[in-house]
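*Asks:* Starting off with a structure, shown below.
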Amino acid sequence: MSAHGGAPARRGGLLFGVAVLAVALAGCEYAGPEDQPAPASPPAATPPSRSFEENVDEVARLLEASPADPGMPSEAEPAGKLLLDLAPGDYMVTGACAGAYGAKLTILGADGVPEATDFTCDSALDRFLRHDGGPITISAVPPVGKPSATGVKVKTNPDPTASELEDLSEWSAEQLQPRIPGELRGTSGGNTTTTGTLMAEPGEYELHFVCIGPTFAELSASTTAGAEVLAPVRVPCDGQAVKTPMLLPTQGADFTISPDDGVDGRFAYRLVPSAEPTGAG
Numbered sequence: 260m261s262a263h264g265g266a267p268a269r270r271g272g273l274l275f276g277v278a279v280l281a282v283a284l285a286g287c288e289y290a291g292p293e294d295q296p297a298p299a300s301p302p303a304a305t306p307p308s309r310s311f312e313e314n315v316d317e318v319a320r321l322l323e324a325s326p327a328d329p330g331m332p333s334e335a336e337p338a339g340k341l342l343l344d345l346a347p348g349d350y351m352v353t354g355a356c357a358g359a360y361g362a363k364l365t366i367l368g369a370d371g372v373p374e375a376t377d378f379t380c381d382s383a384l385d386r387f388l389r390h391d392g393g394p395i396t397i398s399a400v401p402p403v404g405k406p407s408a409t410g411v412k413v414k415t416n417p418d419p420t421a422s423e424l425e426d427l428s429e430w431s432a433e434q435l436q437p438r439i440p441g442e443l444r445g446t447s448g449g450n451t452t453t454t455g456t457l458m459a460e461p462g463e464y465e466l467h468f469v470c471i472g473p474t475f476a477e478l479s480a481s482t483t484a485g486a487e488v489l490a491p492v493r494v495p496c497d498g499q500a501v502k503t504p505m506l507l508p509t510q511g512a513d514f515t516i517s518p519d520d521g522v523d524g525r526f527a528y529r530l531v532p533s534a535e536p537t538g539a540g
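Per our numbering, the sequence shown starts with residue 260, numbered consecutively.
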């Protein structure tokens, strides 16, 4: 199972002292009634808090659901929760909340490892989910109880791009096994020139690159400052990893990959330290 998906900004205040200058008026008399102090302005009214029922209605609006749907809050349980047995496939999980600043969306699969995401209540949160099939628990929980309310829903993934990106991520992880301590990796895909950056420290590395789709792809690399570290080279896209040493004089490496003949391709690459990275010069 895999799923994709802040903290509020802290404001500081400045306190200004206001010096009041009293001015005495000489040579004048006033025999009228004493000045009455101006009435104090009433404090700004605090907007009334919404009731629990109103927060439930807001959650339903954000989820485009009915208050009676599964996963919606209720008088007995203000936190939305779904216990499902899903078929293998790609899904979109959505969470929403009202009556609080934010909430936490948690997805718990058969492996028992929760995947949690914090979100704010000003809009619904969508998370792509690739599920292997079987029992799954999806919940959204606010930091306080009623009158706040949360809800969740799940549907078959409607976004093919999200599925394609997950396919690419899984393919890349498979190609670049096993993971090597200290490595940095990236992936891209498409039928046009793509670029990617790995923020590696200066030092000596071995570059691993693998691609499929087109017959060849042109690969080059430079520092983020623009100095060439790998001249353009044509690499066969046969699914076999190509390895080459690379010296990175400054931090950061930009990779440029161009597939032959505009053919869709998948590209995975990583930098593996061949020595302890040096400090930035």
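Every residue gets a Cβ at the ideal spot worked out from N, C-alpha and C, and that includes glycine.
Under a three-way DSSP split, which group does Ser-422 fall into?
*Replies:* Reduced to three states, the DSSP call for Ser-422 is helix.
*Asks:* How would you call Tyr-464, buried or exposed, if buried means at least 16 neighbouring beta carbons within 10 angstroms?
*Replies:* The residue in question, Tyr-464, is buried, as its Cβ has 16 or more Cβ neighbours within 10 Å.
*Asks:* For the beta strand (DSSP E) that contains Arg-525, what are its first and last residues?
*Replies:* Element bounds for Arg-525: 524–532.
*Asks:* According to the Cβ coordinates, are Pro-332 and Ala-324 closer than 8 Å?
*Replies:* Not a contact, by the Cβ cut-off of 8 Å.
*Asks:* Quick one: is Gln-434 buried, meaning 16 or more other Cβ sit within 10 Å of its Cβ, or exposed?
*Replies:* By the neighbour-count rule (16 or more Cβ atoms within 10 Å), Gln-434 is buried.
*Asks:* Identify the continuous alpha helix (DSSP H) that holds Arg-542 and give its terminal residues.
*Replies:* Because the chain spans 260 through 540 in this model, residue 542 falls outside it and cannot be assessed.
*Asks:* Which residue's Cα is closest to the Cα of Pro-491: Asp-513, Ala-484, Asp-497, Pro-473?
*Replies:* The option with the nearest alpha carbon to Pro-491 is Asp-513.
*Asks:* Can you check DSSP and say which residues form a bridge with Arg-444?
*Replies:* For Arg-444, which the question treats as bridged, DSSP gives the partners Arg-529.
*Asks:* Rounded to whole angstroms, what's the CA-CA distance from Lys-412 to Glu-312? Just pull it up for me.
*Replies:* Taking the straight line joining both Cα atoms gives about 19 Å.
*Asks:* Is Asp-520 helix, strand or coil by DSSP?
*Replies:* It is helical.
*Asks:* Quick check on the burial criterion: 16 or more other C-beta atoms within 10 angstroms. Buried or exposed for Val-531?
*Replies:* Counting Cβ neighbours within 10 Å, Val-531 comes out buried, since at least 16 surround it.
*Asks:* Output needed for Pro-473: all residues of its chain with C-beta closer than 7 Å, excluding positions within five of it in sequence on either side, in chain order.
*Replies:* So the list reads Cys-496, Pro-518, Asp-519, Asp-520, Val-522, Gly-524, once near-sequence residues are dropped.
*Asks:* Taking Cβ to Cβ, would you say Gly-511 is nearer than 8 Å to Thr-483?
*Replies:* Closer than 8 Å, so yes.
*Asks:* Hey, out of Tyr-528, Met-505, Asp-344, whose CA is closest to Gly-445's CA?
*Replies:* Checking every option, the nearest Cα to that of Gly-445 belongs to Tyr-528.
*Asks:* Can you tell me whether Thr-409 is buried or exposed, with buried defined as 16 or more other CB within 10 angstroms of its CB?
*Replies:* The residue in question, Thr-409, is buried, as its Cβ has 16 or more Cβ neighbours within 10 Å.
*Asks:* Report the three-state DSSP secondary structure of Ala-432 (helix, strand or coil).
*Replies:* Helix at Ala-432.
*Asks:* Tell me whether Pro-401 is buried or exposed, calling it buried when 16 or more other Cβ atoms sit within 10 Å of its Cβ.
*Replies:* Buried, because 16 or more other Cβ atoms sit within 10 Å of the Cβ of Pro-401.
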